[in-house]
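Reviewing the structure listed below.
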Amino acid sequence: MRNLKNNIRFSGLLIVFTASLFTSFCGLGGGNGASSKSGGAWITPRYMDEVYAFMSGGYSGQVSINGIPSGRIIKQIPVFSVFPENGYGFDEETKGLLMTSQGFLPWDDSHHPVLSLTNGMQDGRWLFINANNTPRIARIDLDWFETKEIIEIPNSAGNHGSPYITENSDYVFAATRFSVPIPQRDIPIESMSKGEFNGTITMVKLDKDGHMSIDLQVRVPAFHYDKSGCGKAVSKDWCFFTSYNTEQAWKMMEAEASQNDKDYILAFNWKVAQGCISKAKTVPGVHYRNYHPENQPAISEKRTTVKMIDAKDCPGSVYYLPTPKSPHGVDVSPDGELIVGSGKLSAQIAVHSFSKLQKAINDKGAIEKTIDGVPVLKYEATLYGEVQKKEKEAGKDYLCLGPLHTEFDNKGRAYTSCFLSNNIMVWDRKTLDVIEGLQTWYNIGHLSVVGGNTVKPYGKYVIGLDKQAKDRMLPVGPELHHLVQLYDISGDKGVFLNEFPTIGEPHYAQMAPAELLAKKSKKFYNLKDNKHPHATLTEDKARVERKGKEVHAYVTATLTHFKPDKIEVKKGDTVYFHVTNLTQEYDMPHGFAVYGAEFPNLLVMPGQTKSAMWKADNVGVYPFYCTDFCSALHQEMQNYIRVSP
Amino acid sequence: MKKISKLSIIIIFAFLLSVSCKKEGIGIGPVESVELGEAIDDAKVEKGAATFKLKCTPCHKITVKHVGPVLKDVTTRRKPEWIMNMILNPEEMIAKDPTAKKLLLENNMMKMVRTGISQDEARDILELFRKVDEGKELPDYIKKLDETPKPPETAEQPAAEKK
Ligand SMILES: [Cu+2]
Chain A
3 MRNLKNNIRF SGLLIVFTAS LFTSFCGLGG GNGASSKSGG AWITPRYMDE
53 VYAFMSGGYS GQVSINGIPS GRIIKQIPVF SVFPENGYGF DEETKGLLMT
103 SQGFLPWDDS HHPVLSLTNG MQDGRWLFIN ANNTPRIARI DLDWFETKEI
153 IEIPNSAGNH GSPYITENSD YVFAATRFSV PIPQRDIPIE SMSKGEFNGT
203 ITMVKLDKDG HMSIDLQVRV PAFHYDKSGC GKAVSKDWCF FTSYNTEQAW
253 KMMEAEASQN DKDYILAFNW KVAQGCISKA KTVPGVHYRN YHPENQPAIS
303 EKRTTVKMID AKDCPGSVYY LPTPKSPHGV DVSPDGELIV GSGKLSAQIA
353 VHSFSKLQKA INDKGAIEKT IDGVPVLKYE ATLYGEVQKK EKEAGKDYLC
403 LGPLHTEFDN KGRAYTSCFL SNNIMVWDRK TLDVIEGLQT WYNIGHLSVV
453 GGNTVKPYGK YVIGLDKQAK DRMLPVGPEL HHLVQLYDIS GDKGVFLNEF
503 PTIGEPHYAQ MAPAELLAKK SKKFYNLKDN KHPHATLTED KARVERKGKE
553 VHAYVTATLT HFKPDKIEVK KGDTVYFHVT NLTQEYDMPH GFAVYGAEFP
603 NLLVMPGQTK SAMWKADNVG VYPFYCTDFC SALHQEMQNY IRVSP
Chain B
-16 MKKISKLSII IIFAFLLSVS CKKEGIGIGP VESVELGEAI DDAKVEKGAA
34 TFKLKCTPCH KITVKHVGPV LKDVTTRRKP EWIMNMILNP EEMIAKDPTA
84 KKLLLENNMM KMVRTGISQD EARDILELFR KVDEGKELPD YIKKLDETPK
134 PPETAEQPAA EKK
């Protein structure tokens, strides 16, 4: 006990020390980084973290979960990429989740995790995340922490502005990052500049069980659409999408697409668009919707059409708000009134006002021009103000270069990540006055406050998601890790607490208080509810069945043996192993591997059934064994399969 | 004065009684007391044997040592509540109950695990154990619980090896 106390005291000191070192090293000064109300990032063994952080895995295609404030990695949830650790994407149950119009895809690039909402608050039901490369949205169930559904978005390319969600989880959205010919056809690439390409905004409807279907695609001018954020409270019927390359360049975009000093935020009234569904045309749009029912093989459904309408044919649904310059994030304040555009090539953060937007759309004089029938509103007509650099103290610039993304806390403050100046700018939502800058290391991309996109943020912590953070961790060859930096924002000044490397490249993260999720996390699959068509619910049913050249081995696993005792097949057979774990205990998974298998480890949770296919190509006797250390007799958990000529 | 001391004696006595009444050796789990009938309830025994066959034979036989210990005479070794708690809550039992802890050491450190049966089903199995321990001739369906099931007919056994 005394030891523990000492430990806590020691770590507290350590953090104060580190924090003060950090602030002085970063030249920020002024900060009273000397105390941390949360008691620091050190978690006494056995005590659990306060917050779940869901991080996108970027080019790993997955989601990882870290505990906050400790930063410990708790789990990787496989989503858009196969995962040898537990057989995801290889086993017969989850293969179907990765089916697309382009066939089975073993990989994608995942960007933005978004938690489901009820009345603008996190409800702990689901986490959504987009696949950027081959456009899709996945739904992860937060009882099981497993991917349960993936829907493909047709007529899109680079699903980046996705999957932002409405206040009551009516819709998740998708916007094309890259404009392309819609429908796809063979035309000169140069015709991009002649407006022959298009973008789409896709409304993906959620039913009460979270099932996804495409309600409508709205065809919009051929810009590149980047990120989005949905309204809340007063602005709950709206979602906002940033755009860049309003120059419509098709090559050398870093120069040619960065000419205009303002691009646009696309303001989208989804309630109005919903009213246009009946007017929309049915057009080709092959896409898959894959669903993984509890403890059963995934079901892949192919759909061939979608409803589509041009923005100009649904008046009142789309407006453009000029915003400096190539804005990346667009984020709406908790009260729904401020729409913050972070212009990544500018030194300003432009803040639009929702009430001014409401006035402007009814005022002919506020319209600057139209693009393909979409009204462009005058900058001043919707502007609330700009967060500018500010001389806070003599000789110290609080400068935000390359603002990317903004979230909000529970104390009236906004936090903007500044990619070029390597800091987080903290500013007052009312006055737009800068309060302080928090130094990051380095190349900060997105940031995340606990509940930072809700109507009542939890606050307390902000994390910065940094890119290629060299010189902070031991070097391990040319490939760099990415880094997360954690700050306690419960006091007057932000205090640096902790930093830790991540899996893949976390583009964005959302954080939820542990109390929302920890209690309802499932512990095992109930055998009584196991409806898997190949389940073997008792040991006496373990058996081997032949159907022509196909053999089905119904295998049971319990501590610490498999049944049947032996499996005998013929050369040339295709063997399906269907393994059911008969245990009904929280911590008793079993694994399954067989010599020469092309599938990796099958990790079978208690009460779960998983299947994998094996080709009996060579005559002989081959072992299969449990890959998950399950007991002192785990090494004995092994049988043989015999392949006869 | 006298009255008060009498009362306090009664209270103290009642308290001592209640303490000594607290059962020992009932293990840890959902079951605090079990009512046993005078006679054995054969309907329960039959249901218990069916559940035992499905859920327990992976690790137990009745009169023969298998993965877990021999279960014959378990009702004389243990209290009925202890048996049911062991069936329903093995993880905690093995971790905390001194008798169960010792069993773990005697069984190659093999852990008994929960099989997902209900309290009623556990009660049926207890009745099966009582029947076994009655010492009378056992019906066939109970004797069969000791048999090792034949390895299943496999998909393609070489004909020469088929018996
Ligand atoms: Cu095992």
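Protein chains in written order, with my numbering: chain A, 3 to 647; chain B, -16 to 146. Cβ coordinates follow ideal geometry from the N, Cα and C atoms, glycine included.
Contact check for residue 566 of chain A against residue 544 of chain A passes: the beta carbons are separated by less than 9 Å.
Segment contact: the stretch 265 to 276 of chain A against the stretch 321 to 339 of chain A, three or more CB-CB distances shorter than 8 Å; contact assigned. Cβ contact annotation for residue 179 of chain A (same chain, cutoff 8 Å, sequence separation greater than five): 134, 159, 160, 161, 162, 163, 226, 227, 228, in chain order. In the three-state reduction of the DSSP assignment, residue 242 of chain A falls in the strand class, which pools E and B. If you check the CB distance, residue 165 of chain A and residue 131 of chain A come in under 9 Å. Under the rule that a run must span 3 or more residues, the beta strand (DSSP E) segments found entirely inside the stretch 161 to 227 of chain A read 173 to 177, 201 to 208, 214 to 222. Taking all protein chains shown into account, residue 118 of chain B has fewer than 16 neighbouring C-beta atoms within 10 Å of its C-beta and is therefore exposed. Taking every protein chain shown into account, the CB of residue 86 of chain A has fewer than 16 other CB atoms within 10 angstroms, so this residue is exposed. Straight across, the Cα-Cα distance linking residue 84 of chain A with residue 574 of chain A is about 27 Å.
Contact note: residue 74 of chain B reaches chain A through 587, using a C-beta cutoff of 7 Å and chain order. Residue 614 of chain A is outside the set of residues whose beta carbon lies under 9 Å from a beta carbon in chain B. In the three-state scheme derived from DSSP, where H, G and I count as helix and E and B as strand, residue 61 of chain B is classed as coil.
When DSSP reads this structure, residue 512 of chain A sits in a beta bridge with A/56.
Listed along chain A are 540, 541, 558, 560, 561, 563, 565, 584, each with a C-beta nearer than 9 Å to that of residue 41 of chain B. Under the rule that a run must span 3 or more residues, the beta strand (DSSP E) segments found entirely inside the stretch 254 to 335 of chain A read 265 to 271, 283 to 293, 301 to 312, 320 to 325, 329 to 334. For residue 97 of chain B, the closest Cβ of chain A is nearer than 9 Å. Contact of residue 529 of chain A with chain B by beta-carbon distance below 8 Å involves 99. Nearest neighbour of residue 522 of chain A by Cα position, chosen from A/144, A/60, A/500, A/91, turns out to be A/144.
Closer than 8 Å to some heavy atom of ligand 1: that does not describe the Cβ of residue 589 of chain A. Contact between residue 282 of chain A and residue 310 of chain A is confirmed by a C-beta separation of about 6 Å, below the 8 Å threshold. For residue 630 of chain A, the shortest separation between its Cβ and any heavy atom of ligand 1 lies below 8 Å. Comparing C-alpha distances from residue 332 of chain A to each of A/532, A/216, A/426, A/455 shows the shortest one belongs to A/455.
Not flagged as an interface residue toward chain A: residue 115 of chain B, since no C-beta distance is shorter than 9 Å. Under the three-state reduction of DSSP output, residue 636 of chain A falls in the helix class. Taking the Cβ atoms as the reference, residue 504 of chain A lies roughly 6 Å from residue 486 of chain A, within the contact range of under 8 Å. The shortest C-alpha to C-alpha distance from residue 284 of chain A to any of A/513, A/376, A/312, A/297 is the one to A/312. Residues are counted here when their Cβ sits less than 8 Å from a Cβ of chain B; for the stretch 621 to 641 of chain A these are 633, 634, 635, given in chain order. For residue 634 of chain A and residue 93 of chain B, the gap between their C-alpha atoms comes out near 7 Å. Neighbours of residue 92 of chain B across chain A, judged by C-beta separation under 8 Å: 633, 634, 635. Residue 629 of chain A and residue 453 of chain A have their alpha carbons spaced roughly 38 Å apart. Taking 8 Å as the cut-off, one finds at least one heavy atom of ligand 1 near enough to the beta carbon of residue 593 of chain A. Residue pairing by DSSP puts residue 385 of chain A in a beta bridge opposite A/354.
Distance from the CA atom of residue 100 of chain B to the CA atom of residue 8 of chain B, rounded to whole angstroms, is 22 Å. Between residue 129 of chain B and residue 46 of chain B, the alpha-carbon positions lie close to 7 Å from each other. Against chain A, the CB of residue 37 of chain B has a partner CB under 9 Å away; the residue lies at that interface. Residue 258 of chain A and residue 631 of chain A have their C-alpha atoms roughly 57 Å apart.
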